[in-house]
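In the working numbering, the protein residues as written are 105 to 264. Some notes on the structure that comes next.
What follows is the structure, given as structure tokens:
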């Protein structure tokens, strides 16, 4: 029963993430908007205080590696552009497809692994996977933003 609930919740979160991303491309980006999601997500690590969710070092390593591999796809589809003297996230048609694809892969992993791994451990592994995916992606976005921000500031100082 908990597998079904978590699967439905994951699907809802994925669809929500697509809509949020589409809306985000309509407003200028800021360092806060880039860096706060992983900070907020980090509170989920508190689950590991409860023994039910603890994972082995090998499982942590596996989840981090898979998360970092998944982040490559997100990094490749997250680009910025200068518009109206501000920095905006470029809309990528591939982002929605990639996000849905990653979600489906995650659900397949979950259904396969739930037969041999305890639900609590599996939850911990998937949180680590997600965190291992979002941190490199957001850090890369932040560095891209800073680079473009410097360019924007140089352009503004030249035009004054």
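Virtual Cβ for every residue (Gly too), placed ideally from N, Cα, C.
Own chain residues within Cβ distance below 7 Å of residue i, not counting five before or after
i           : result
residue 152 : 158, 228
residue 248 : 184
residue 226 : 214, 217, 218
residue 164 : 232
residue 121 : 203
Range of the contiguous beta strand (DSSP E) that encloses residue i
i           : result
residue 184 : 184-187
8 Å contact criterion, which residue i and residue j should meet: CB distance rounded
i           : j           : result
residue 182 : residue 193 : 7 Å
residue 235 : residue 125 : Contact flag wrong, Cβ pair sits at about 18 Å.
residue 145 : residue 238 : 6 Å
Endpoints, the alpha helix (DSSP H) within which residue i is located
i           : result
residue 139 : 135-145
residue 150 : No alpha helix (DSSP H) holds residue 150; DSSP gives it neither H nor E.
residue 168 : 161-180
Residue i burial status per 10 Å Cβ neighbour count (16 or more: buried)
i           : result
residue 230 : buried
residue 245 : buried
residue 112 : exposed
residue 149 : exposed
residue 170 : buried
Spatial neighbours of residue i in its chain, beta-carbon cut-off 6 Å, leaving aside the 5 residues before and after
i           : result
residue 240 : 172, 175
Beta-carbon proximity list for residue i, same chain, < 8 Å, skipping 5 on both sides
i           : result
residue 201 : none
Counting pairs of beta carbons, one from the region 149-166 and one from the region 204-220, are three or more of them closer than 8 Å? no
Using 8 Å as the Cβ pair cut-off and three pairs as the minimum, do the region 130-143 and the region 196-207 touch? no
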